[in-house]
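Here the protein sequences line up with chains A and B, keeping their order.
Residue numbering for the first sequence follows numbering that gives the first Met the number 0, starting at 0 and increasing by one per position.
Residue numbering for the second sequence follows numbering that gives the first Met the number 0, starting at 0 and increasing by one per position.
Structure first, then comments.
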Amino acid sequence: MAKLGRAIREIHSLENLAERNTFFNRIHPTAKVLVTIWYLILVMSFGKYDVTGLFGMCLYPLILMISGDISIGQAVRRLKPVLLMVFLIGAANPFFDRTPVLEAGGITVTAGMLSMLTLFCKTGFAVFASYVLIATTTMEQICYALRRLHMPQILVTVLLLIYRYLVLMLKEADRITQAYMLRAPGEKGVKKSAWGPLAGQMLLRSMDRAQRVYESMTMRGFRGEFFLRGSFIPLRQSVLYGVIWYLVLAVFRLVPVFELVGRIFI
Amino acid sequence: MDSIIEIEDLRFCYHADRYVLDGINLAVAPGESVGVIGANGVGKSTFLKILAGLLPEYEGSIRIADHLLEKKNYGEIRRRLGYVFQDSDSQLFMNTVEEDVAFGPLNYGFSREEADRSVKEALRKTHMEGLAGRHIYRLSGGEKKLAAIAGILALQQDDGVILMDEPSVSLDPANRENLIEVIRELKAAKLLASHDLDFIYDTCERTILLSGGEVVYDGDTKRLLRDKTLLEENGLRLPLSFRFPGNI
Chain A
0 MAKLGRAIRE IHSLENLAER NTFFNRIHPT AKVLVTIWYL ILVMSFGKYD
50 VTGLFGMCLY PLILMISGDI SIGQAVRRLK PVLLMVFLIG AANPFFDRTP
100 VLEAGGITVT AGMLSMLTLF CKTGFAVFAS YVLIATTTME QICYALRRLH
150 MPQILVTVLL LIYRYLVLML KEADRITQAY MLRAPGEKGV KKSAWGPLAG
200 QMLLRSMDRA QRVYESMTMR GFRGEFFLRG SFIPLRQSVL YGVIWYLVLA
250 VFRLVPVFEL VGRIFI
Chain B
0 MDSIIEIEDL RFCYHADRYV LDGINLAVAP GESVGVIGAN GVGKSTFLKI
50 LAGLLPEYEG SIRIADHLLE KKNYGEIRRR LGYVFQDSDS QLFMNTVEED
100 VAFGPLNYGF SREEADRSVK EALRKTHMEG LAGRHIYRLS GGEKKLAAIA
150 GILALQQDDG VILMDEPSVS LDPANRENLI EVIRELKAAK LLASHDLDFI
200 YDTCERTILL SGGEVVYDGD TKRLLRDKTL LEENGLRLPL SFRFPGNI
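Below, the structure written as structure tokens:
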């Protein structure tokens with residue numbers, strides 16, 4: 000049950016990352032959200048065997064993580080479950096698609112292997128790019144940016160509330176399981192017979208708290224709009240940041256940079 | 000003096016067969032500090048929630064700052080009325096103290112400069128200047144309570160209304176004392192619902208006692224808290240400060 004506590008701490012430490020005062024944190028959120036969306040579109044647009052072209056796209060999250068002082072090891076640890084799931088999804092490809100494509104060092108590389116690698120890279124890069132966005136931008140800033148991009152108010156509000164209620168639910172789950180464990184020493188996990196009442200209680204309590212949070216928001220004039228707070232770099236620099244990444248990523252999408260560099264040495 | 004809160008024949012029920020509040024009449028003057036006491040389940044929190052517009056299906060008439068308490072006036076009323084929840088954790092939802100306190104002003108269309116000014120002022124009034132950038136989850140219980148109050152004050156002028164539900168609950172003596180000091184310094188009208196009669200004594204000059212859905216006492220706090228019979232008849236006990244002669 001310590002897992003729940005750990006999950007709450009992880010969320011808070013991500014919030015801490017997003018609250019820092021680094022250059023990347025101070026870029027206008029709309030620019031960061033736009034670049035991330037552009038990146039995701041480009042990554043997903045690669046063909047299923049286009050591994051070499053795709054490799055170039057790893058530079059975006061990598062550069063941001065290194066220059067934004069975001070620990071890569073920690074990111075891998077946090078995203079482990081997602082990456083593992085992606086790996087499991089793609090793991091079947093080599094068995095289904097055994098068409099030989101090339102030979103490398105005496106090993107026959109099949110189309111299935113390539114498509115597995117592509118799928119792994121695509122999803123991995125997308126996950127890391129989203130992580131970089133979350134680690135440099137608070138949820139309120141992301142919601143603000145989405146509103147600026149004319150995403151419907153109702154969707155953005157739901158996104159924000161899900162995020163807030165998720166934390167509340169985790170906290171309630173943590174409390175309720177701690178109370179259970181203290182009165183059920185020696186037990187591993189929660190007894191099946193207690194699952195129903197425990198889940199019910201947790202849901203009721205979370206709904207109660209969620210209701211209070213919402214009441215508190217409406218009491219202070221919340222009508223679904225988001226406001227930007229904090230100090231940001233001048234807007235012109237944020238626009239420049241967006242334009243540069245837009246062009247660089249487009250080049251990496253259209254030109255197989257890694258392949259060209261490789262040819263220089265062969 | 001005109002009243003900032005006027006309540007006439009207020010009735011409210013959660014279930015049709017039993018009225019939790021049954022014919023409440025009350026007028027509160029600007030700047031007045033009124034304690035709301037009563038046994039468990041008597042309807043203190045319900046009373047405050049009705050005033051905050053969180054339970055709109057009431058009977059009777061309520062006027063707050065010259066506006067009838069009805070949905071179309073909520074925006075105007077809530078601009079001048081703040082509600083401090085019993086559980087501060089539910090009230091604070093932004094990342095840092097500063098962001099949370101600025102939430103109200105920004106929603107009410109303050110410019111960024113105005114919002115910053117009102118945040119600063121609210122934090123000063125609650126002695127929280129040093130904690131502006133602190134993360135909410137790193138605050139102690141007492142600090143959370145003060146941050147919640149600051150969130151209310153950031154929206155209000157001195158002519159507003161503050162409703163507080165069990166403000167002293169789970170505070171240690173030092174934080175409790177600090178909170179008393181903060182509340183005493185606030186110039187807005189205040190309604191404080193609490194079981195902590197010593198706290199009510201320290202913060203309210205006037206107190207109403209709720210019992211059976213009605214106001215059974217409305218007057219001087221000191222007089223009420225000395226009336227052992229009346230308190231015990233209504234499920235309460237003498238506050239500790241009054242039990243030992245010479246304390247007061």
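Heads up, the beta-carbon is just placed ideally off N, CA and C, and yes, glycines get one too.
As the structure is a computational prediction, the values presented were derived from the model and not from experiment.
In this structure, the alpha-carbon of Phe-251 of chain A lies about 11 angstroms from that of Thr-51 of chain A.
Here the alpha carbons of Tyr-136 of chain B and Tyr-164 of chain A stand approximately 15 angstroms from one another. At a cut-off of 7 angstroms between C-beta atoms, Arg-5 of chain A does not count as an interface residue with respect to chain B. A distance of 7 angstroms or more separates the beta carbons of Leu-3 of chain A and Ala-110 of chain A. 7 angstroms or more divides the Cβ of Leu-68 of chain B from the Cβ of Leu-162 of chain B. Comparing C-alpha distances from Cys-120 of chain A to each of A:Leu-13, A:Met-56, A:Phe-257, A:Ser-192 shows the shortest one belongs to A:Met-56.
At a cut-off of 7 angstroms between C-beta atoms, Gly-129 of chain B does not count as an interface residue with respect to chain A. The alpha carbon of Met-201 of chain A has as its nearest neighbour, out of A:Thr-35, A:Arg-174, A:Tyr-59, the alpha carbon of A:Arg-174. Counting the other Cβ atoms within 10 Å of the Cβ of Pro-151 of chain A gives fewer than 16, which makes it exposed.
By the criterion of at least three beta-carbon pairs nearer than 8 angstroms, the segment 64–81 of chain B is not in contact with the segment 18–28 of chain B.
Taken in chain order, the complete alpha helix (DSSP H) segments of 4 residues or longer contained in the segment 188–247 of chain A are 191–218.
Between Ser-215 of chain A and Gln-90 of chain B a beta carbon distance of about 4 angstroms is seen, short of the 8 angstroms cut, so the two are scored as contacting. For Gln-90 of chain B, the closest Cβ of chain A is nearer than 7 angstroms. Per DSSP, Tyr-162 of chain A is one residue of the alpha helix (DSSP H) stretching across 152–181.
Burial is judged here by how many other beta carbons sit within 10 angstroms of a residue's own beta carbon; Ser-240 of chain B has fewer than 16 and is exposed. When beta bridges are read from the DSSP output, Ile-106 of chain A appears opposite A:Ala-103. Close partners of Met-216 of chain A in chain B (Cβ separation under 9 angstroms): Phe-92, Phe-102, Asn-106. In the DSSP assignment, Ile-76 of chain B falls outside any beta strand (DSSP E) and within the unbroken alpha helix (DSSP H) covering 73–79. Annotated three-state conformation of Glu-58 of chain B is strand, per DSSP. Of all C-beta pairs linking the segment 182–197 of chain B to the segment 33–46 of chain B, three or more are shorter than 8 angstroms, placing the two stretches in contact. For Arg-146 of chain A, no CB of chain B lies under 7 angstroms from its own CB, so it is not counted at the interface with that chain. Counting C-beta pairs with one atom in each stretch, the segment 183–199 of chain A and the segment 76–84 of chain B have fewer than three that are closer than 8 angstroms, which means they do not touch. In terms of Cβ geometry, Ser-117 of chain B and Pro-104 of chain B form a close pair [threshold 7 angstroms]. A Cβ of chain B is located within less than 7 angstroms of the beta carbon of Gly-220 of chain A. Look at Arg-77 of chain B: its C-beta is under 7 angstroms from a C-beta on chain A. In the DSSP assignment, Arg-10 of chain B falls within the beta strand (DSSP E) that extends over 4–11. The DSSP-derived three-state label of Met-56 of chain A is helix.
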